[in-house]
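Asker: So that we are looking at the same thing, I have put the structure below in structure tokens.
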Amino acid sequence: MRIRTLTGAVAAVLVLSGPVVDGQAVAVKTADTAAPAGDTRVLTYDTSRAGEFASAVDRGAAVWNDSVDAVELRPVKAGDSADIRIVVDAGWPRSVPGSLGGGTVYFGRQAVAEGHDTVRIAAHELGHMLGLPDRKPGPCSSLMSGASAGPSCTSARPNAAERAEIEQKFEQAPAGLFT
Ligand SMILES: [Zn+2]
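Count the sequence shown with mature numbering (1 follows the signal peptide of the UniProt record, and there is no 0) and you get residues -22 to -1, 1 to 157, in order.
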């Protein structure tokens, strides 16, 4: 009677240890496939069709590089395919995102003609490429408030919440999204 009880206790311990081992195996697999926390993702951008706004795009990208750690925007090497393409046109500036960190920015001249700051426009549209939505209407301190802050707003810096959102998005994104 006493031996049977002990045997039962040993069996229970074995059953309990099974799922724990499985759980650890799953956790290790997840950690291997996800981007390690703090790893910087490099996204390339192409200003060869950005016309007179190429330098504004470089400055907008530099603002993001100064503001966040999880992602870095770099000019693409000539002849390579970029994650982000910037194309000048006559309309209102707008973004056509692809997967996270990719797509096309149409750098429309209309907003510039109405007095909006070119570096703020560039940083705002790159914010869309990084996965941020518009937050309109909003104050000048918000980058994603865009044109709603008025043409006198020349701030191209993402605010703390916008920076945190990007850090979180890119730290959590699986590596496969960026290949
Ligand atoms: Zn926008």
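The beta-carbon is built from N, C-alpha and C at its ideal position, and this holds for glycine as well.
Do residue 86 and ligand 1 come close, with the Cβ less than 7 Å from some heavy atom?
Answerer: Position 108 of the sequence shown holds residue 86. Outside the cutoff, so no.
Asker: Does DSSP put residue 133 in a helix, a strand or coil?
Answerer: Residue 133 sits at position 155 when you count from the first residue of the sequence shown. DSSP places residue 133 in coil when its eight states are reduced to three.
Asker: Are residue 121 and residue 109 closer than 8 Å when you measure CB to CB?
Answerer: Counting from one through the sequence shown, the residue named residue 121 turns up at place 143. Counting from one through the sequence shown, the residue named residue 109 turns up at place 131. Their beta carbons are not under 8 Å apart, which means residue 121 does not touch residue 109 by this criterion.
Asker: Using the three-state DSSP reduction, which class does residue 38 fall into: helix, strand or coil?
Answerer: By 1-based counting over the sequence shown, the position of residue 38 is 60. Correct three-state label for residue 38: helix.
Asker: Comparing C-alpha positions only, which one of 51, 125 and 114 sits nearest to residue 96?
Answerer: Locating residue 96 in the sequence shown gives position 118, counting from the first residue. Selected option, being the one with the closest Cα: 125.
Asker: In whole angstroms, what is the alpha-carbon distance linking residue 162 and residue 87?
Answerer: No answer is possible for residue 162: the residues shown for the chain start at -22 and end at 157.
Asker: Whole angstroms is fine: what's the gap from residue 31's alpha carbon to residue 99's?
Answerer: Indexing the sequence shown from 1 puts residue 31 at position 53. Indexing the sequence shown from 1 puts residue 99 at position 121. Taking the straight line joining both Cα atoms gives about 10 Å.
Asker: Ignore the nearest five residues each way along the sequence and tell me which others in residue 136's own chain have a CB closer than 6 Å to its CB.
Answerer: Counting from one through the sequence shown, the residue named residue 136 turns up at place 158. Correct list, in chain order: 45 and 121.
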